[in-house]
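Visitor:
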Amino acid sequence: MSSRAADGRGDIDAVMEVSRALVAIVARSFAESRVQISLQQWRVLVVIGDFGPMTVGGLARWMDVHSSTATRVSDSLVRSKLLDRRADPEDRRRTTLTLTRKGRSLVESLLDSRRQAIAAILEELPPSRRAQLGRAMRDFADVAGDHPEHFVSTHVQPASRRVDA
3 MSSRAADGRG DIDAVMEVSR ALVAIVARSF AESRVQISLQ QWRVLVVIGD
53 FGPMTVGGLA RWMDVHSSTA TRVSDSLVRS KLLDRRADPE DRRRTTLTLT
103 RKGRSLVESL LDSRRQAIAA ILEELPPSRR AQLGRAMRDF ADVAGDHPEH
153 FVSTHVQPAS RRVDA
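So the sequence shown is numbered by our numbering: it starts at 3 and just counts up by one.
(1) Per DSSP, M139 is paired with what?
(2) From which residue to which residue does the beta strand (DSSP E) around T100 run?
(3) Rounded to the nearest angstrom, how far is the Cβ of Q38 from that of V75, given a contact under 8 Å?
(4) At the level of alpha carbons, what is the spacing between S107 and D77?
(5) Sorted by chain position, which residues of the same chain lie with C-beta nearer than 8 Å to L101's C-beta, five sequence neighbours on each side aside?
(6) Suppose contacts are defined by Cβ-Cβ distances below 7 Å. Is A119 in contact with I27 by that definition?
(7) Compute the Euclidean distance between the alpha carbons of A133 and D141, then round it to the nearest angstrom.
(8) Please report the residue range of the alpha helix (DSSP H) in which D86 lies.
(9) Could you tell me which of T73, L41, S40 sits nearest to M56, measuring between CA atoms?
(10) Could you pull the start and end residues of the alpha helix (DSSP H) that I27 belongs to?
In structure tokens, the structure reads:
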């Protein structure tokens, strides 16, 4: 057995190669988009699209950044008409961020572009290998933690128990 296999570097290198391929798909979808956004802006759009209205404080915790950074990123998305800032219906002193139609359309378009690119790659694999890869990728996402179910269970509280101001 080689030292790479014994210490897990072969697996790490394989995941790094997959990561590079996925980043290339993301970059291509951004380049082909009619709206230019950063990766950080993309993360904001996706989390708000997945989990619904969110305060800037909640967004900052999700992104693991200072609230001023979350404010700056969300402000740029509001200016681009991708996000809307609204009074929280449960507490009018608070504001929440929501996707606009334009924002939702952009998210759907970019995700669709990525799905098509990934589907084309997966078509090159035999069905049994696709199934194995799918299971392995879900396992990886679960352990990595930046996964919708993990985020909801650890970061999103019901509106009546929110602590973000």
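Don't be surprised by glycine CBs; every beta carbon is placed ideally from N, CA and C.
Guide: Reading it off the structure:
(1) Looking at the DSSP assignment, M139 forms no beta bridge with any residue, so it has no partner.
(2) 93-101
(3) So it is not a contact: roughly 14 Å between Cβ atoms.
(4) 19 Å
(5) L47, I50, G51, L84, L85, D86, V109
(6) yes
(7) 12 Å
(8) Taken as a continuous stretch (DSSP letters only), D86 belongs to no alpha helix (DSSP H), being part of the beta strand (DSSP E) at 85-90.
(9) T73
(10) 11-34
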